[in-house]
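If you count the sequence shown from 1, position 196 lands on 1089 in the numbering used here, and the numbers rise without skipping.
First the structure, in the form of structure tokens, and then the observations on it.
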Amino acid sequence: MRSPSNPFRSLPREVAVLAAVAFAVALGFGVVAPAIPLFAREFGVGRTAAGAVVSAFAAMRLASALLGGRLVDRYGERLVLATGIGIVAVSSLLAGLAQSYAQLLVLRGVGGVGSAMFTVSAVSLVLRVVGPDQRARAMGVYQGGFILGGIAGPAFGGALAGGSLRAPFFVYAATLAAAGAIGMVFLRAAHLGEAPAQGTAAPERTTLRQSLGLASYRAALVTNLGVGWVLLGLRASLLPLFVVEGLGRDPFWTGVGLVVSALGQAALLLPAGRVADTVGRRPAMLLGGVLAVGSTATLALSTSVVAYVLAMVAFGAGFAFLGTAPAAVVGDVAPGRGGTSVAAFQMASDLGAVVGPVLAGALADSVSYGAAWGASAGVLAAGLLLTAVMPETRRAAPAGPVAGHRPG
């Protein structure tokens, strides 16, 4: 008997499988991430070159996402997912054996290509195997796997890196192999529409051009740009410096802010998904956007640790809504197989994560931390404004364009 609080209740089995895959991937990445720049420094390179190893992974994810989307449209999510995970696993194993900085740099870049293939195929599959009234909640479950793995990984990674800087790469390869095995064993091709019965139509394909013609999809894109910019970029790069140099506090408070933010986001992912699935995507995105803009603007004006902690609580709450509802919009407007639409959505987040820290860091250096946070709140506000004028997509038809949804 299923408990009413079971997060997988009424969802297809594939969602639980993909959440397990996400946990294994995030666990391994959390293990290896702290070791990457330190391992690069072992080859005698400077801090900039060490940082380039991290950037190579993100840059190749961004550059290859559309290719991953096209592969999904042609070969199906299951095959692309397994291949992408395999590429990251092999490249991680070889990176652990690297004998030069150049080898490490190239292998991490190759890993970024595999990561893009995995991410696009996994999100495409989550959105396709559920009905319109489950998409946001399914994304919440899937992202919950990532968050739990991301919390657990660094705890093991720090201990492993203390013994050997090569060991985390091997552990990462092992967790990826486990993730790939889970996907191949428990994701059946016949269940995913990859082998349609004779006389049955294959899953409908939605092109990126069709999606871009819809105001709701454009709102989701810009919103996801802001998510990548602030949540994935500035939270890791600017926040630690802001706490120490801007607020004049001990680094301990950086950890406090990150913990309360992560806990708030994790706790609200499923409720946020339910709101988006029952009340609507637009109200959920509006609420998340207001919380995200407000919390980021509060950081721009913060002079006390109390305001900072409260802002971080609201920060996590806002991004719980922005991590579920915009993805559900993408599923609404591309209800069949829309690999390129999902890829562009993912690219928006990756672009924000790559560009945001650079531009915000430049503003912090030349003007102030307040200006950096304020400009970032402006990026989030752009998505909020587009959301305010977009049509609701929750009552999308099961196939074809969204009912009553005209290109904006």
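Even for Gly, the Cβ is constructed at its ideal location relative to N, Cα and C.
Which residue marks the beginning of the alpha helix (DSSP H) containing residue i, and which one marks its end?
i: P1109; result: Here residue 1109 is Ser; the residue named in the question, Pro, does not match the sequence. Residues 1108–1119.
i: Q1158; result: 1145–1171
i: V999; result: 994–1022
i: Q1103; result: 1101–1105
i: A956; result: 940–968
i: M1283; result: From DSSP, M1283 is part of no alpha helix (DSSP H); its letter is neither H nor E.
i: P927; result: Segment: none, P927 is in no alpha helix (DSSP H) and carries neither H nor E.
i: G1187; result: 1174–1194
i: A991; result: Unbroken run through A991: none, as it is neither H nor E.
i: P1061; result: 1060–1079
Taking only the alpha-carbon atoms, compute the straight-line gap between residue i and residue j and give it to the nearest angstrom.
i: P1176; j: A1169; result: 7 Å
i: F1135; j: V1251; result: 15 Å
i: V1199; j: A1246; result: 27 Å
i: R902; j: Y1035; result: 14 Å
i: V965; j: E1285; result: 27 Å
i: R940; j: I929; result: 12 Å
i: T1093; j: V1223; result: Residue confidence is low: T1093 scores 42 on pLDDT, short of 50, so the model does not pin down where it sits. Its coordinate-derived value is still stated next. Rounded to whole angstroms, T1093 to V1223 spans 25 Å at the Cα level.
i: F1062; j: L986; result: 6 Å
i: M953; j: R963; result: 16 Å
i: P1133; j: G979; result: 34 Å
i: M1178; j: A1015; result: 22 Å
i: F950; j: T1196; result: 35 Å
i: G977; j: D1258; result: 38 Å
i: G1126; j: G1249; result: 6 Å
i: S1188; j: M1010; result: 33 Å
i: A982; j: A1067; result: 7 Å
i: R1287; j: T1116; result: 17 Å
i: L990; j: Y1065; result: 13 Å
i: L1278; j: L1058; result: 46 Å
i: A912; j: G1038; result: 5 Å
i: L1020; j: A1218; result: 11 Å
i: M1240; j: G1004; result: 16 Å
i: V973; j: L1162; result: 27 Å
i: A1202; j: L1273; result: First, the amino acid is wrong: residue 1202 is Val here, not Ala. Cα-Cα distance, rounded: 20 Å.
i: Q1027; j: M1283; result: 21 Å
i: G1147; j: L1192; result: At residue 1147 the sequence reads Thr, which differs from the Gly that was named. For T1147 and L1192, the distance between alpha carbons rounds to 13 Å.
i: A1281; j: R967; result: 35 Å
i: R1174; j: G1216; result: 11 Å
Closest to residue i by CA distance: which of the options is it?
i: L931; options: G921, A1268, V947, L920; result: V947
i: L997; options: G962, R934, Y968; result: R934
i: A1227; options: R971, G1002, S1109; result: S1109
i: D1243; options: R1142, S957, V924, A917; result: S957
i: A1190; options: A917, A1265, G969; result: A1265
i: A971; options: G1038, L1278, T1012, G1037; result: In the sequence under discussion, the amino acid at residue 971 is Arg, which differs from the Ala named in the question. With distances taken between Cα atoms, R971 lies closest to T1012.
i: G923; options: L1041, L959, G944, G1004; result: L1041
i: V1120; options: V925, G1271, R967; result: G1271
i: N899; options: E1138, T1099, G969, P1164; result: P1164
i: S1130; options: Y1201, V1022, L1020, A1255; result: A1255
i: A1220; options: V918, P1025, Y968; result: P1025
i: S1269; options: G1216, D1143, V1123, G921; result: V1123
i: A915; options: A995, A1074, V938; result: A1074
i: V938; options: T1171, A988, Y994; result: Y994
i: F1238; options: R1098, P927, G1148, L1114; result: L1114
i: G944; options: L960, L959, P927, L955; result: P927
i: A1236; options: G961, A1193, V1003; result: G961
i: L959; options: A1275, S1234, A1193, A1253; result: S1234
i: V1022; options: M1205, G969, Y1262, G1141; result: G969
i: L904; options: V1137, G1166, V1006; result: G1166
i: V1172; options: P1144, S1017, F1214; result: F1214
i: G921; options: G1216, A1071, R1001; result: A1071
i: R1111; options: A1275, A942, V918; result: A1275
Any heavy atom of the ligand FAD closer than 7 Å to the Cβ of residue i?
i: A1165; result: Judged by which ligands are present, the structure shown has none, so any question about the ligand FAD falls away.
### Touching by the beta-carbon criterion (3+ pairs, under 8 Å), the region 1025–1044 and the region 907–924
yes
### Task
Could you name each continuous alpha helix (DSSP H) segment of 4 residues or more that falls completely within the region 1198–1275, going from the start of the chain to the end?
1198–1215, 1218–1226, 1232–1259
### Inter-stretch contact (C-beta, 8 Å, three-pair minimum) for the region 1156–1166 and the region 1197–1212
In short, these stretches touch, since the Cβ pair count reaches three.
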